[in-house]
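S.K.: Okay, handing you the structure first.
Residue numbers (this note's numbering), protein chains in the order written: chain A, 64 to 517; chain B, 32 to 483.
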């Protein structure tokens, strides 16, 4: 395609055309205006929701200030995670080293906020000047009696996935520190949900109704103490596989805890995930309770969902999200409301992820890795898309072209998980697609059609 | 003023952004220009996200996307590849290249790399390359903004015949402010080159096609000819000479420089019109005399609602100075004037802005973060906050309104449409402030008056 640079051609595929080999999971191409962020971003977003920890960014001010209150990440208690702490390195620190400033800042902030643990994020500049962050963290940890964990997240060290790994490495040090007595044999940790708009509360409620104890949220509405006890759980359920699968693997290695990949988006994946958990525990009663739960929840949402389906049937959707796993669920969720996905892509998918996407999408669907505004806007036009699902950086691309939009990323305020979340998702899609404003945008204004009335 | 704010080692909830963000904004205000950051991919993406959330407009900032090897062996190859790719896809007339803390620390010699790039790839032409050094570990986004403007002027202007135009270097204003500024100049009969001008590039219409580079911006030919202008008008009392495009034009080409404050409120706007009048040789147009008259009339009508109210004002130094000046004019007592900037001239400028008014000198501090602002606010019992969205949590905690001005406005629509400057801007500010105070009074009344 013309909008794509030559080097990017192998990262764009169409389902059903040519053998499927996706060029992905590598550094972004210089000058291509990638939608990706960096290693630091990956670490920061994963650890961000741990609400009773101090999150100190060791570097210049930008990295800290651009991640201040960046995600919804609701907390049912402390909100220390919503503050932006930085060592705000100055030229003099770059020349003479920032270790002393880091030490003083850590001591000052720990004294002020009494956190349960501290995460210290390394940034590009720290990686270059070579501050021994680990040594400073060890010293403060000994002096203050709380875990102080370095997160090796220098921005240039790779892409966002490297940041996820660095975050998991830091959490690995917490797991195993707590007392695990009294934890039920029917217990699990929730990995990879960040409680952006209250999702994890709903999922926990489902598990409670099934009779499963949730030990730790990793990391939505997360607490240091819970993560320290996470090794006492019988199972890890992992959503957003890219970000926390590494931790699940580490916990399998360290504590032989098995894991299940799950997704809470869309009725199909939500139900399947609950059934998979019930099956894991091999408990007849639990399976019955789970069936009952699914039936009950579906009966609540289905009538309204079907109304949206009627209005939205046949409309075309495009998806561009951070992780491919979310994209799988969204493809299915759109199908539930009768819509067709014509383009789907992610920032950090793996070859296996893209193969799966190719398998579940219709022929001709565009599948893309690490895309950019020029490509995305060309896809939206080529496929005459009715709604685009993405994050803040994708929003103006859709809006500028007069295409509806649904935020499925950090800044959204709508709870989109579980059965209730599916209904919210349909409402969101409906509320944007059916708005009368599209009648006036250049894309449509020349072919105005009557808006159907109910 | 007498008491020092506790100087913490750590920064909490900063009241500033980093240098390359300011440079990117300035470059976006040049016609056909593409901002380009030489550094990690994350920098460009974070800044795009931050800017998008305010303007609700696409902003493509390219990056050289350095990886680990580049950090060790130098980022030259990636810089060149990035420039080549951006040229191929965006067909820019100019690429504005700003460095980041990473490339400054590893010591990439951008000037030399660009020389090599021109030799290797630009023998048959190509975009203009303007570069600016913006290490994020010194200064704020405002230093980055001014440095980029200065770089544009330094690297693009050539000697020109006197052309009777006026250069206006306004600093960081809203899109609405820039539109208003151009209208004012035109109404005064002046041909003005406003640099930068993102009034359209960051506040454009709905389109059928995605704009490679949005329409609008200061014309490159106009920047080249700034040397022939009859004067430069530059806003900003805290702008240091070495970052001043106006100073450069004065020194290199003898273009007389008029340094003014940001024209916020009556007196600063009066000064601005006086200067324009002097340059045009004509009186202030009737339209603005009337706007000033209506403003004064409305200030009389509403003076009791705002008199003696106490305000915390924060943001970029020059914006805070302008706002403080206006608050004094309407009888509001500024109690805290805070900025993350560290120009060294902030306190003096606030003193000047308040001179002759019966208000107490507020606590004026450079290098502040929101933790420190919050400590002062808790002590000084303000009635409202005046500043950008990031003060919301503090204002909410104190149960007082936040009146949103400046950048970023991340929690309301229309940040780009806020008007701060001129008589019309002062009118909007007055209405906002007066109505916010009326709302408080009305909401807290048990009676529930519908007349206020």
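The beta-carbon is built from N, C-alpha and C at its ideal position, and this holds for glycine as well.
#1: Given a threshold of 16 other Cβ atoms within 10 Å of its Cβ, counted over all protein chains shown, does residue 351 (chain A) qualify as buried or as exposed?
#2: Note down, in chain order, every chain A residue with its Cβ under 7 angstroms from the Cβ of residue 40 (chain B).
#3: So what's residue 553 (chain A) in DSSP terms, helix, strand or just coil?
#4: Hey, residue 190 (chain B) and residue 284 (chain B) are a contact pair by Cβ (cut 8 angstroms); roughly how many whole angstroms apart?
#5: Say whether chain B places a C-beta atom closer than 7 angstroms to the C-beta of residue 506 (chain A).
#6: Could you work out which residues of chain A lie near residue 117 (chain B), taking near to mean beta carbons separated by less than 7 angstroms?
#7: Is it right to say residue 252 (chain A) is buried, meaning 16 or more other beta carbons lie within 10 angstroms of its own, or is it exposed?
#8: Going by beta carbon distance, what residues of the same chain come within less than 7 angstroms of residue 318 (chain B), once the five residues before and after it are set aside?
#9: Buried or exposed for residue 284 (chain A), please, with buried defined as at least 16 other CB atoms from any protein chain shown within 10 angstroms of its CB.
#10: Could you check what DSSP says for residue 343 (chain B) in three-state terms: helix, strand or coil?
#11: Considering only the alpha carbon of each residue, which of B:47, B:97 and B:79 lies closest to residue 90 (chain A)?
#12: Let me check understanding here. Comparing Cα to Cα, which of A:360, A:369, A:326 and A:260 lies closest to residue 474 (chain A)?
#13: Applying the 10 Å Cβ sphere with the 16-neighbour rule, what's the burial state of residue 271 (chain A)?
#14: Below 8 angstroms CB to CB, which residues in the same chain sit around residue 455 (chain A) once its five sequence neighbours on both sides are set aside?
#15: Along the chain, where does the beta strand (DSSP E) that runs through residue 481 (chain A) open and close?
#16: Please return the same chain residues whose Cβ sits closer than 7 angstroms to the Cβ of residue 257 (chain A), not counting the five positions on each side in sequence.
#17: May I ask you to list, following chain order, the residues of the segment 441-452 of chain B that have a beta carbon less than 8 angstroms from some beta carbon of chain A?
#18: Would you mind reading off the limits of the beta strand (DSSP E) that contains residue 162 (chain B)?
#19: Please report the residue range of the alpha helix (DSSP H) in which residue 190 (chain A) lies.
#20: Given that a residue counts as buried once 16 or more other Cβ atoms are within 10 Å of its Cβ, and exposed if not, what is residue 440 (chain B)?
#21: Three-state secondary structure (DSSP) at residue 87 (chain B)?
#22: State the DSSP-derived secondary structure class of residue 273 (chain B), mapped to helix, strand or coil.
#23: Taking the straight line between their C-alpha atoms, what separation do you get for residue 306 (chain A) and residue 222 (chain B)?
#24: Strictly under 7 angstroms for the Cβ-Cβ distance: is residue 99 (chain B) near chain A by that measure?
#25: List the residues that DSSP assigns as beta-bridge partners of residue 292 (chain A).
#26: Give a yes or no on whether the minimum CB-CB distance between residue 22 (chain B) and chain A is below 7 angstroms.
#27: Please work out which residues of its chain come closer than 7 angstroms, Cβ to Cβ, to residue 316 (chain B), disregarding the five sequence neighbours upstream and downstream, and give them in chain order.
#28: How would you write the range of the alpha helix (DSSP H) that residue 224 (chain B) sits in, first residue to last?
#29: Buried or exposed for residue 451 (chain B), going by 16 or more other Cβ atoms inside 10 Å?
#30: If the cut is a Cβ gap below 8 angstroms, which residues of chain B does residue 127 (chain A) touch?
#31: Among B:65, B:77 and B:72, which has the Cα closest to the Cα of residue 52 (chain B)?
#32: Taking residue 245 (chain B) as the reference, give the member of B:415, B:233 and B:300 with the closest Cα.
#33: I want to check one thing, is the minimum distance from the CB of residue 146 (chain B) to the heavy atoms of the ligand NAP below 6 angstroms?
#34: If I measure Cβ to Cβ from residue 360 (chain B) and keep anything under 6 angstroms in the same chain, skipping five residues before and after, which residues do I get?
#35: Which residue marks the beginning of the beta strand (DSSP E) containing residue 432 (chain A), and which one marks its end?
#36: Taking the beta strand (DSSP E) that residue 364 (chain B) belongs to, which residues open and close that run?
M.R.: The structure says:
#1: Stepping through the first chain from its first residue, residue 351 (chain A) is reached at position 288. Exposed.
#2: Counting from 1 along the second chain, the entry for residue 40 (chain B) is found at position 9. Those within 7 angstroms of residue 40 (chain B) in chain A are 164, 167, 168 and 171.
#3: Past the edges of chain A, shown from 64 to 517, lies residue 553 (chain A), and the structure says nothing about it.
#4: The sequence position of residue 190 (chain B) within the second chain is 159, counting from 1. The sequence position of residue 284 (chain B) within the second chain is 253, counting from 1. About 7 angstroms separates the beta carbons of residue 190 (chain B) and residue 284 (chain B), which is inside the 8 angstroms limit, making them a contact pair.
#5: Walking along the first chain from the start, residue 506 (chain A) turns up at place 443. So yes, residue 506 (chain A) belongs to the interface.
#6: By 1-based counting over the second chain, the position of residue 117 (chain B) is 86. In chain order: 94.
#7: Counting from one through the first chain, the residue named residue 252 (chain A) turns up at place 189. The residue in question, residue 252 (chain A), is buried, as its Cβ has 16 or more Cβ neighbours within 10 Å.
#8: The count along the second chain starts at 1 and reaches residue 318 (chain B) at position 287. Excluding positions up to five away in sequence, the list reads 218.
#9: Reading the first chain from its first residue, position 221 is the one you call residue 284 (chain A). The residue in question, residue 284 (chain A), is buried, as its Cβ has 16 or more Cβ neighbours within 10 Å.
#10: The residue given as residue 343 (chain B) occupies position 312 in the second chain. For residue 343 (chain B), the secondary structure class from DSSP, reduced to helix, strand or coil, is strand.
#11: As a position in the first chain, residue 90 (chain A) is number 27, starting the count at 1. Closest by alpha carbon: B:97.
#12: Residue numbering aside, residue 474 (chain A) sits at position 411 when the first chain is read from its first letter. From the listed residues A:360, A:369, A:326 and A:260, the smallest Cα separation to residue 474 (chain A) is found for A:260.
#13: Here residue 271 (chain A) corresponds to residue number 208 of the first chain, with the count starting at 1. Classification for residue 271 (chain A): exposed.
#14: Numbered from its first residue, the first chain carries residue 455 (chain A) at position 392. Taken in chain order, the residues that qualify are 470, 472, 473 and 474.
#15: In the first chain, residue 481 (chain A) corresponds to position 418, counting from 1. Run containing residue 481 (chain A): none in the beta strand (DSSP E); it sits in the alpha helix (DSSP H), 481-496.
#16: What you label residue 257 (chain A) is simply residue 194 of the first chain in a count that begins at 1. Closer than 7 angstroms at the Cβ level, and outside the excluded window around residue 257 (chain A), lie 112, 134, 136, 282 and 283.
#17: Near chain A, meaning a CB-to-CB distance below 8 angstroms, no residue of the segment 441-452 of chain B qualifies.
#18: Here residue 162 (chain B) is taken as the residue at index 131 of the second chain, counted from 1. From DSSP, the beta strand (DSSP E) with residue 162 (chain B) extends over 159-163.
#19: As a first step, residue 190 (chain A) must be located in the first chain, where it is residue number 127. It spans 187-192 - the alpha helix (DSSP H) in which residue 190 (chain A) sits, taken as one unbroken run.
#20: Taking the second chain and counting its residues from 1, the one referred to as residue 440 (chain B) is at position 409. Result: buried.
#21: Here the question's residue 87 (chain B) lines up with position 56 in the second chain. Coil.
#22: As a first step, residue 273 (chain B) is located in the second chain; it is residue number 242 there, counting from the start. Correct three-state label for residue 273 (chain B): helix.
#23: Here residue 306 (chain A) refers to the residue found at position 243 of the first chain. Here residue 222 (chain B) refers to the residue found at position 191 of the second chain. If you take the alpha carbons of residue 306 (chain A) and residue 222 (chain B), they lie about 55 angstroms apart.
#24: Within the second chain, numbered from 1, the residue matching residue 99 (chain B) stands at position 68. For residue 99 (chain B), the answer is yes, since a Cβ of chain A falls inside 7 angstroms of its Cβ.
#25: Taking the first residue of the first chain as position 1, residue 292 (chain A) is located at position 229. Partner(s): none; residue 292 (chain A) has no beta bridge.
#26: No answer is possible for residue 22 (chain B): the residues shown for chain B start at 32 and end at 483.
#27: Residue numbering aside, residue 316 (chain B) sits at position 285 when the second chain is read from its first letter. Counting only Cβ-Cβ distances below 7 angstroms, and skipping sequence neighbours, we find 218 and 219.
#28: Residue numbering aside, residue 224 (chain B) sits at position 193 when the second chain is read from its first letter. Counting along the chain, residue 224 (chain B) falls outside any alpha helix (DSSP H), though it belongs to the beta strand (DSSP E) covering 223-225.
#29: Residue 451 (chain B) sits at position 420 when you count from the first residue of the second chain. Under this definition residue 451 (chain B) is a buried residue.
#30: Walking along the first chain from the start, residue 127 (chain A) turns up at place 64. Ordered by position in chain B, the residues that pass the 8 angstroms Cβ test against residue 127 (chain A) are 42 and 45.
#31: The residue you call residue 52 (chain B) lines up with position 21 of the second chain. Comparing alpha carbon positions, the residue from B:65, B:77 and B:72 closest to residue 52 (chain B) is B:77.
#32: Working through the second chain from its first residue, we reach residue 245 (chain B) at position 214. Of B:415, B:233 and B:300, the residue nearest in Cα terms is B:233.
#33: Absence of the ligand NAP from the depicted structure is noted, as is the absence of any ligand whatsoever, leaving it without description.
#34: Residue numbering aside, residue 360 (chain B) sits at position 329 when the second chain is read from its first letter. For residue 360 (chain B), the CB contacts under 6 angstroms within the same chain, skipping 5 residues up- and downstream, are 296 and 297 in chain order.
#35: Position 369 of the first chain holds residue 432 (chain A). Residue range 429-432 is occupied by the beta strand (DSSP E) that includes residue 432 (chain A).
#36: What you label residue 364 (chain B) is simply residue 333 of the second chain in a count that begins at 1. Segment 364-369, the beta strand (DSSP E) holding residue 364 (chain B).
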